[in-house]
Amino acid sequence: MAGTIETRGIAAAGACAAGRPAAGPAMPPPARFAGYAAIFGEVDLSGDRIEPGAFAASLIGRRAGDVRMLWQHDPARPIGRWIAIAEDRTGLRVTGAFALDTAGGREAAALAAAGAIDGLSIGFRTKLARRDAGGAKRRLVTIDLWEISLVTFPMQERARLTLLA
746 MAGTIETRGI
756 AAAGACAAGR
766 PAAGPAMPPP
776 ARFAGYAAIF
786 GEVDLSGDRI
796 EPGAFAASLI
806 GRRAGDVRML
816 WQHDPARPIG
826 RWIAIAEDRT
836 GLRVTGAFAL
846 DTAGGREAAA
856 LAAAGAIDGL
866 SIGFRTKLAR
876 RDAGGAKRRL
886 VTIDLWEISL
896 VTFPMQERAR
906 LTLLA
C-alpha cells in the first residue's frame, strides 16, 4: 500500500526482552559503524527484492541525518544519527554514529561491541514495485526511505554493520 511505512525486520516468536548490559565498561564502545542497510538483487525473507537505484530519488536533496536511526524500528527509540547514506554496486551503504550521550545509544553501542546485535533494516514506503513473472516476488523499483534500524533479525541476511575504530 502506498501510504504504509514498511519495515524489514522479523520478530522472534516467543522472544523476551533481554536484560540491560552491565554498567560501567572500562573502555567506551566504538561510537561509529558502517555497513549495508539493504543489498540489491537479494530476495529477503518476505520475498521482496530491491532493485539497483531504488533509493536514488529518495536520497536526492536529503542529508543522511534526515533519515532516522532507530532501535528495532521503534520511532520512540532513536539511538544515533546517520553520517553517510549512498547507493553503490552492492546496495545501500551506510555510516552511522551512536548517540553515546543517551541511554539508548550507549546500550546499542554496547550490544554491537559485544556482538549481540549487528543487523540493519530499512523502514520505507514503496513508490513503485513490480511483480516477477511468477507473481510470487515483488521487485522494489522506487523506495522512499524513512528510517534505518539496528535490529536483531534483519530480513536480508547480509544487511549487517561493522564497528569502526
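For the sequence shown, the working numbering gives the first residue as 746, with consecutive numbering after it. All C-beta atoms in this analysis are idealised placements derived from N, C-alpha and C, irrespective of residue type, glycine included.
In the displayed model, Leu804 falls within a helix according to three-state DSSP. Under the DSSP assignment, Leu837 falls outside any alpha helix (DSSP H), being part of the beta strand (DSSP E) whose first and last residues are 836-843. DSSP assignment within the stretch 822-899 yields the following whole alpha helix (DSSP H) runs of 4 residues or more, N-terminal first: 848-858.
The stretch 846-854 and the stretch 792-809 do not touch, with fewer than three beta-carbon pairs separated by less than 8 Å. For Arg813, the enclosing beta strand (DSSP E) covers residues 813-816. For Asp793, the beta-bridge partners assigned by DSSP are Arg883. Ala858 is the residue among Ser791, Ala858, Arg813 whose C-alpha sits nearest the C-alpha of Phe778. Counting along the chain, Arg777 sits inside the beta strand (DSSP E) bounded by residues 777-784.
The straight-line gap separating the alpha-carbon atoms of Asp811 and Pro820 is approximately 14 Å.
Per DSSP, Thr749 is not a residue of any beta strand (DSSP E), being assigned neither H nor E.
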